[in-house]
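K.L.:
Protein chains in written order, with our numbering: chain A, 214 to 582; chain B, 71 to 171. Note that CB positions come from ideal geometry on N, CA and C, so glycine has one too. All values reported here derive from a predicted model rather than from experimental measurement.
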């Protein structure tokens with residue numbers, strides 16, 4: 214049995230920030246992460262961040278992760294359980310974990326407050342032979358090439374021209390891998406145009422209003438057929454085009470990994486703008502469950518900079534609710550929230566802002582369930 | 071295959087270890103995910119689906135999708151994308167639900 218003040222589930226950008234912010238107040242922290250390495254998706258992000266300096270603009274994701282991990286490891290009141298999976302939430306405010314080198318030690322962690330920062334999983338897309346080897350999620354491609362230096366394939370079709378699709382395409386080219394093209398179902402490119410023009414200059418075509426229709430192959434991807442689609446997302450006859458690729462990279466969005474929140478009885482709502490089912494929360498990232506906070510993609514699909522700010526807000530407020538002494542708490546809390554608002558003050562964040570409006574409990578009575 | 075030159079990242083030489091896949095000896099990098107070493111060695115099929123025995127490859131890399139479940143040292147359903155490779159490991163392509171035989 215492990216006892217702690219605050220348990221943080223997930224060691225990505227949101228969880229690391231939450232643990233550091235709460236840890237600084239003196240609270241005892243247990244951070245649990247199921248990956249082989251801490252840092253979540255940050256440790257594969259070789260690109261420099263956008264936005265303001267406060268939000269690490271100009272620094273590569275891998276560097277941000279390294280700094281946070283080092284800071285956290287130096288904190289004596291923080292225990293980190295890596296390669297450990299949280300298997301459930303129990304109503305005596307405990308989570309169970311499987312830990313140890315072989316994930317074969319079962320432990321119960323009692324925590325006064327729990328911060329859930331589990332992130333998201335990649336969305337799938339239906340097409341013929343979507344299950345063949347050679348069809349990868351974009352995160353998996355990043356893991357293979359940026360973390361381990363492994364080449365996933367020789368010729369890639371990217372599906373999705375949002376920021377992830379564009380950035381991973383560029384990373385593939387940096388790794389010396391041929392990108393045959395990018396298909397995007399929408400009529401416009403979803404990601405930053407800076408990324409899109411960089412890729413176009415390198416000769417990679419971006420096919421908007423196109424989708425992947427068919428994948429050929431028996432044991433692995435051998436060839437694909439893409440097709441234009443109309444307003445109702447129906448295939449347009451006679452527009453098919455075959456491309457020679459051996460690998461497909463899916464960057465068609467993410468869904469919050471919200472299992473623990475469902476289990477804990479938090480009020481959940483389907484909010485399309487946030488990527489799926491999310492827990493309702495107040496402005497301090499507290500859910501309708503008095504002891505549970507959320508941060509990062511599990512609170513709504515966004516990106517690493519906002520995840521880190523949400524993590525700080527959740528960590529700060531979780532510690533404050535346990536009466537840990539924080540100098541200038543109010544000032545700091547207001548500052549973090551205004552930094553988050555500043556970060557979202559751009560047209561690409563419009564959708565997320567609408568979603569967050571729907572997810573805010575404003576005045577809703579907080580119930581311990 | 072592995073990346074040889076990269077404009078941003080360095081991939082220093084790491085300790086190589088030998089292991090077997092369905093009895094055939096392969097070489098991989100100690101401590102990296104088993105599935106990453108398999109992809110680097112050109113292995114695409116990691117498991118076979120339960121009903122139609124369709125091939126399954128590397129997909130999510132975060133231990134969530136079950137596409138990479140393999141038999142490792144006699145234990146079935148090991149998530150090879152989040153399990154470290156060690157010298158002498160006996161890896162087998164998993165068929166269906168897997169078994170201990």
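Please state the DSSP three-state secondary structure of residue 185/A.
P.N.:
Any question about residue 185/A goes unanswered here, given that chain A covers just 214 to 582.
K.L.:
Drop a sphere of 10 angstroms on the beta-carbon of residue 86/B, count the other beta-carbons inside from all chains shown, and report buried for 16 or more, exposed for fewer.
P.N.:
Label assigned to residue 86/B: exposed.
K.L.:
Can you tell me the Cα-Cα spacing of residue 468/A and residue 339/A, whole angstroms?
P.N.:
In a straight line, the C-alpha of residue 468/A is about 16 Å away from that of residue 339/A.
K.L.:
Against residue 276/A, what residues of chain B qualify as contacts under a CB-to-CB distance less than 8 Å, listed in chain order?
P.N.:
Result: empty, since nearest Cβ-Cβ is about 11 Å, beyond 8 Å.
K.L.:
Answer yes or no: does any C-beta atom of chain A fall closer than 8 Å to that of residue 146/B?
P.N.:
Judged by the 8 Å Cβ criterion, residue 146/B is not in contact with chain A.
K.L.:
Between residue 582/A and chain B, is any beta-carbon pair separated by less than 8 Å?
P.N.:
In this predicted model, residue 582/A has a pLDDT of only 42, less than 50, meaning its place in the structure is not dependable; the value taken from the coordinates is given anyway. No, residue 582/A does not count as interfacial toward chain B.
K.L.:
Which residue from 337/A, 302/A, 384/A puts its Cα closest to that of residue 77/B?
P.N.:
Residue 384/A is the option with its Cα nearest to residue 77/B.
K.L.:
Considering Cα atoms alone, identify which of 489/A, 219/A, 460/A is closest to residue 472/A.
P.N.:
Among 489/A, 219/A, 460/A, the Cα nearest to that of residue 472/A is on 489/A.
K.L.:
Look up residue 241/A in the DSSP assignment and give the residues it is bridged to.
P.N.:
DSSP, once it has assigned bridges, lists no residue as partnering residue 241/A.
K.L.:
Where residue 300/A and residue 501/A are concerned, what is the direct C-alpha to C-alpha distance, given to the nearest angstrom?
P.N.:
Between residue 300/A and residue 501/A, the C-alpha separation is close to 21 Å.
K.L.:
Report the three-state DSSP secondary structure of residue 413/A (helix, strand or coil).
P.N.:
Note: residue 413/A maps to helix in three-state DSSP.
K.L.:
Keeping to the same chain, check which residues put their C-beta closer than 8 Å to that of residue 346/A; ignore five residues upstream and five downstream.
P.N.:
Answer for residue 346/A: 432, 433, 434, listed in chain order.
K.L.:
Which residues, in chain order, does the segment 80 to 105 of chain B contribute to contact with chain A at a C-beta distance below 7 Å?
P.N.:
Under the 7 Å Cβ criterion, the segment 80 to 105 of chain B contributes 81, 102, 103.
K.L.:
If you measure between the beta carbons of residue 341/A and residue 427/A, is that distance less than 8 Å?
P.N.:
Taking 8 Å as the Cβ cut-off, residue 341/A and residue 427/A qualify as a contacting pair.
K.L.:
Please work out which residues of its chain come closer than 8 Å, Cβ to Cβ, to residue 564/A, disregarding the five sequence neighbours upstream and downstream, and give them in chain order.
P.N.:
Cβ within range, chain order: 486.
K.L.:
Listing by chain order, which chain B residues have their CB less than 7 Å from the CB of residue 361/A?
P.N.:
Neighbours of residue 361/A on chain B, chain order: 102, 106.
K.L.:
Span of the alpha helix (DSSP H) holding residue 542/A?
P.N.:
Residues 542 to 556.
K.L.:
Can you tell me which of 420/A, 292/A, 457/A, 425/A puts its alpha carbon nearest to the alpha carbon of residue 436/A?
P.N.:
For residue 436/A, the nearest C-alpha among the options comes from 457/A.
K.L.:
Determine whether the Cβ of residue 352/A lies closer than 8 Å to any Cβ atom of chain B.
P.N.:
It does: the Cβ of residue 352/A has a partner Cβ on chain B nearer than 8 Å.
K.L.:
Establish whether the CB of residue 161/B and some CB of chain A are separated by less than 8 Å.
P.N.:
Residue 161/B does not count as touching chain A.
K.L.:
Buried or exposed, going by whether 16 or more other CB atoms sit within 10 Å of the CB of residue 476/A?
P.N.:
That one is exposed.
K.L.:
For the ligand ZN, is there a heavy atom less than 7 Å away from the beta-carbon of residue 418/A?
P.N.:
The model depicted lacks the ligand ZN and carries no ligand whatsoever.
K.L.:
Taking C-alpha atoms, which residue in 237/A, 224/A, 229/A, 570/A lies nearest to residue 542/A?
P.N.:
For the residues 237/A, 224/A, 229/A, 570/A, the minimum Cα distance to residue 542/A belongs to 237/A.
K.L.:
Hey, could you find the ends of the alpha helix (DSSP H) residue 472/A is sitting in?
P.N.:
Unbroken alpha helix (DSSP H) run through residue 472/A: 472 to 477.
K.L.:
Touch check for the segment 153 to 160 of chain B and the segment 96 to 113 of chain B: three-plus C-beta pairs under 8 Å?
P.N.:
Taking 8 Å as the limit for Cβ pairs, the verdict is that the segment 96 to 113 of chain B does touch the segment 153 to 160 of chain B.
K.L.:
Hey, could you find the ends of the alpha helix (DSSP H) residue 383/A is sitting in?
P.N.:
Note, residue 383/A: alpha helix (DSSP H), 376 to 387.
K.L.:
Going by DSSP in three states, residue 584/A sits in which element: helix, strand or coil?
P.N.:
There is simply no residue 584/A to check, as chain A begins at 214 and stops at 582 in what is shown.
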